[in-house]
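In order, the protein sequences belong to chains A and Y. Be aware that the first sequence starts at 536, since it is given in the working numbering, and climbs by one per residue. Be aware that the second sequence starts at 536, since it is given in the working numbering, and climbs by one per residue. Presented below is the structure to which this report refers.
Number of protein chains: 2
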Amino acid sequence: VIRKSSETIEEIREGMRGGDGLVIVRHLFRKEEFKANVRLCARLLLPPGASIGEHTHEAEDEVYIVIHGTGLLRDGSKETRVSPGDAILTGRGQSHAIRNDGTHDLELIAMIMCYA
Amino acid sequence: VIRKSSETIEEIREGMRGGDGLVIVRHLFRKEEFKANVRLCARLLLPPGASIGEHTHEAEDEVYIVIHGTGLLRDGSKETRVSPGDAILTGRGQSHAIRNDGTHDLELIAMIMCYA
């Protein structure tokens, strides 16, 4: 299944996971399109000032991969500046959060894989 | 776990899956770092002229997401020109291939999730 960028389903999330501003979620493939247990495969766009609040992942692993822009990524209690090519893996009850504290859009790939 | 771009493990594959030239595979997270059943999470760089040959995925789903550049993506018997933001999902015994027929590097995210 090829999904052109223009065919993605766009969802606008306000205060995502308790964060600030709007996050644009562009779903590349729906959960039902996978046979593997994947519940999210999306591009996330955080405009300047936007954030995804801190939240945990219990029975699933989430990967963020930074594509464009820079931001502040929280991995548990540790905060790191990230830029394109940087990634985070969160699961096993760990928490993460991300904030665009820059002046350009921050774009990520996000994928969530469930354990069972 | 935060993985900075500079910390990725780089692997150079020649004639990947029967394709042409070299493909640089930058592993973001190893299989062992996931609790979910993910066996590849990488950035792939195909210089101009490079390709990944046609191959099938039986008991796993693979997602490619184009990050930079353009190329020719084969989905079964169908060929489509792709550019940044375009994606492909391949599994259930389907096949795919990709070729950088342009003059700039083609960069993808690739993730493989096993069914069991």
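Just so you know, even glycine gets a beta-carbon here, dropped at the ideal spot from N, CA and C.
Collapsing the DSSP output to three states places G606/A in a strand. Cβ contact annotation for T625/A (same chain, cutoff 6 angstroms, sequence separation greater than five): H592, E597, H631, in chain order. Taking every protein chain shown into account, the CB of S541/Y has fewer than 16 other CB atoms within 10 angstroms, so this residue is exposed. With a 10 Å radius around the Cβ and a threshold of 16 neighbouring Cβ atoms, G584/Y comes out exposed. Counting only residues of its own chain and dropping the five nearest sequence neighbours on each side, M551/Y has a CB closer than 6 angstroms to the CB of V558, I587. DSSP places R634/A in the strand class (E or B) of the three-state scheme. Residues C576, V598 of the same chain have their beta carbon placed closer than 6 angstroms to that of M646/Y, with the five preceding and five following residues left out of the count. Under the DSSP definition of a beta bridge, K613/Y partners with D610/Y. Look at the stretch 539 to 565 of chain A: the residues with a C-beta under 7 angstroms from a C-beta of chain Y are K539, S540, L563, F564. The beta carbon of L624/Y falls within 7 angstroms of a beta carbon belonging to chain A, placing the residue at that interface. Nearest Cα to G637/A within the set D555/A, L643/A, D610/A, G604/A: G604/A.
Residues of the stretch 595 to 609 of chain A whose Cβ lies closer than 7 angstroms to any Cβ of chain Y, in chain order: E595, D596, V598, I600, I602, L608. In the DSSP assignment, D596/Y forms a beta bridge with M648/Y.
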